[in-house]
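Number of protein chains: 2
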Amino acid sequence: MRVAVLGTGGVGQTLAAKIAELGHEVMVGTRDVQAALDRTDAGWGAMVFSDWHAAHPDVKVGTFAEAAAHAEVVINATAGAASLDALQAAGAKNVEGKILIDVSNPLDFSSGMPPTLSVCNTDSLGEQIQRAFPGAKVVKTLNTVNMNLMVEPSLVAGGDHHIFVSGNDAAAKAEVTRILKEWFGWKNVIDLGDMSSARGPEMLLPLWLQLSMASQGDLVTIKIVR
Amino acid sequence: MRVAVLGTGGVGQTLAAKIAELGHEVMVGTRDVQAALDRTDAGWGAMVFSDWHAAHPDVKVGTFAEAAAHAEVVINATAGAASLDALQAAGAKNVEGKILIDVSNPLDFSSGMPPTLSVCNTDSLGEQIQRAFPGAKVVKTLNTVNMNLMVEPSLVAGGDHHIFVSGNDAAAKAEVTRILKEWFGWKNVIDLGDMSSARGPEMLLPLWLQLSMASQGDLVTIKIVR
Chain A
191 MRVAVLGTGG VGQTLAAKIA ELGHEVMVGT RDVQAALDRT DAGWGAMVFS DWHAAHPDVK
251 VGTFAEAAAH AEVVINATAG AASLDALQAA GAKNVEGKIL IDVSNPLDFS SGMPPTLSVC
311 NTDSLGEQIQ RAFPGAKVVK TLNTVNMNLM VEPSLVAGGD HHIFVSGNDA AAKAEVTRIL
371 KEWFGWKNVI DLGDMSSARG PEMLLPLWLQ LSMASQGDLV TIKIVR
Chain B
191 MRVAVLGTGG VGQTLAAKIA ELGHEVMVGT RDVQAALDRT DAGWGAMVFS DWHAAHPDVK
251 VGTFAEAAAH AEVVINATAG AASLDALQAA GAKNVEGKIL IDVSNPLDFS SGMPPTLSVC
311 NTDSLGEQIQ RAFPGAKVVK TLNTVNMNLM VEPSLVAGGD HHIFVSGNDA AAKAEVTRIL
371 KEWFGWKNVI DLGDMSSARG PEMLLPLWLQ LSMASQGDLV TIKIVR
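Protein chains in written order, with this note's numbering: chain A, 191 to 416; chain B, 191 to 416.
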């Protein structure tokens, strides 16, 4: 499958590396390709991008628009604060009719740690993206776990925990559920409902951050019991 | 121990019945005792209050102020939208120096289902209560589970799941942790930090409500895995 991963940070690098390893044709999208390759600093959990790219020569790098145009499935792995801008740069016509997997969180670090959410309660970033790109089949998922756990859920409790999908298109959610299971090994995927249900997983972030700080690690996640 | 349970709804009834059954001296607090006993309707998950009281004659009933004055430990089991008013009626002097266990959620049903939160993200109901009653030792807990699970965690997965405590007073959190374990049988209590950490468990409510609706039941809760 041809996959676009928008974002060159740790989440984008982790997803792109894993999906390429599975044999898919991956293009990472960024605002300015040369600027990304010239960068000498690395974001949290990330490698310096040129080093990462040298280690993954099978992954193409393009602009947001080139990556989205290339892809059958587009993954938004940009920082939540930059996601709407990044997707505008990708272009509505390049995500039209496509599954757009949104793994971002609307974290606002402008007042320091812990971050607050820039949108919550009566709206969510997932809903904002779906409204801005009505032709895309947006599915919110993976935003409740650390990037390493996204692609290797067995790192914690043998994978005996849960991930969520939210979205308005049932077929798109079914396809993303297949991707989560077959590509990454997720065992337990819960369909929460339409895109407004993305408020729940996004609003889990404050608790997740507390737990992550309390446990001195970020592989913490939740198992649903009933 | 002398315990006040503020609130005559399902949560108050469940907590008061369990704590009285353990042999503690429980007084339920309400705004207007006669009005509560005259009521012929029952709230969600509750019995008609006079029927409940007839079934639990060992539990005293008083005003919010009488109940709080009677108690060594005060439990706020009123609806979140009414909690600050109820505690004002209880009176700052009657909660001064006491542990005040807050199990409420700031749910706003004014726009229908699902409810939104009346406060979140940059503040929480737990923090509002602590600011309004600086002399009380407020501990937020139990707000993430159904009332039946509050007092009998073994109803789900043999009790193999988690509950949280948040608060500014370490000794009060330790005493509430003891109460959760010894009175109700909680095995896994996580101290999230100071009262600002109550934002996390309160913001879990939208996800909890989605899961509760999706599973056709409200005994759903979360286990933390790492």
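The beta-carbon is built from N, C-alpha and C at its ideal position, and this holds for glycine as well.
Among the CB atoms of chain B, one or more fall inside 8 Å of the CB of A/Ile412. In the three-state DSSP reduction, A/Phe239 falls in the helix class (H, G or I). Counting only runs of 3+ residues, the beta strand (DSSP E) found wholly inside the segment 296-332 of chain B occupies 327-331, in chain order.
Chain-ordered listing is empty here: chain A has no CB closer than 8 Å to the CB of B/Leu212, the nearest sitting near 25 Å. Considering only B/Phe299, B/Pro296, B/Thr253 and B/Ser301, the residue with the shortest C-alpha distance to B/Gln278 is B/Thr253. Against A/Asn358, chain B offers no close residue; the least beta-carbon distance is about 15 Å (beta-carbon pairs closer than 8 Å). Note on geometry: alpha-carbon atoms of A/Ser386 and B/Met191 lie some 45 Å from one another. Interface flag for B/Ile209 against chain A is unset, since no Cβ pair is found closer than 8 Å.
For A/Val195, the closest of A/Ala347, A/Asp241, A/Asn295 and A/Thr268 by C-alpha to C-alpha distance is A/Thr268. In the structure shown, the three-state DSSP call for B/Leu212 is coil. With respect to the 8 Å criterion, A/Met393 and B/Pro396 are classified as neighbours on the basis of their beta carbons. With a beta-carbon spacing of about 11 Å, A/Leu332 and A/Thr411 fall beyond the 8 Å limit used to define contacts. Taking B/Val285 as the centre and dropping the five residues before and after it, the same chain places the C-beta of Ala258, Val264, Leu277, Phe323, Gly325 and Ala326 closer than 8 Å to its C-beta, in chain order. Each residue's CA atom was taken as its position, placing A/Lys288 and A/Glu365 some 11 Å apart.
Within the segment 240-298 of chain B, the alpha helix (DSSP H) runs of at least 4 residues that lie entirely inside it are, in chain order, 254-260, 270-280 and 282-285. Below the 9 Å Cβ cutoff, chain A contributes no neighbours of B/His246, its closest Cβ being approximately 29 Å away. In the DSSP assignment, A/Lys363 falls within the unbroken alpha helix (DSSP H) covering Ala360 to Phe374. Per DSSP, the unbroken beta strand (DSSP E) holding B/Leu382 starts and ends at Val379 to Gly383. DSSP places B/Leu394 outside both helix and strand once states are collapsed to three, so it counts as coil. Here A/Arg389 is buried. Its C-beta has 16 or more other C-beta atoms within 10 Å. Judged by pairs of C-beta atoms under 8 Å, the segment 373-387 of chain B touches the segment 337-356 of chain B, as three or more such pairs exist. Looking at B/Pro304, B/Trp234, B/Ser273 and B/Ala404, the one whose alpha-carbon comes closest to that of B/Gly219 is B/Ser273. For A/Ser356, the three-state secondary structure derived from DSSP is strand. DSSP places A/Gly219 in the strand class (E or B) of the three-state scheme.
In this structure, the alpha-carbon of B/Gly349 lies about 46 Å from that of A/Met217.
Considering only beta carbons, the part of the segment 398-410 of chain A lying closer than 7 Å to chain B consists of Gln400, Leu401, Ala404, Ser405, Gly407, Leu409 and Val410, in chain order. Residue range Arg192 to Leu196 is occupied by the beta strand (DSSP E) that includes B/Val193.
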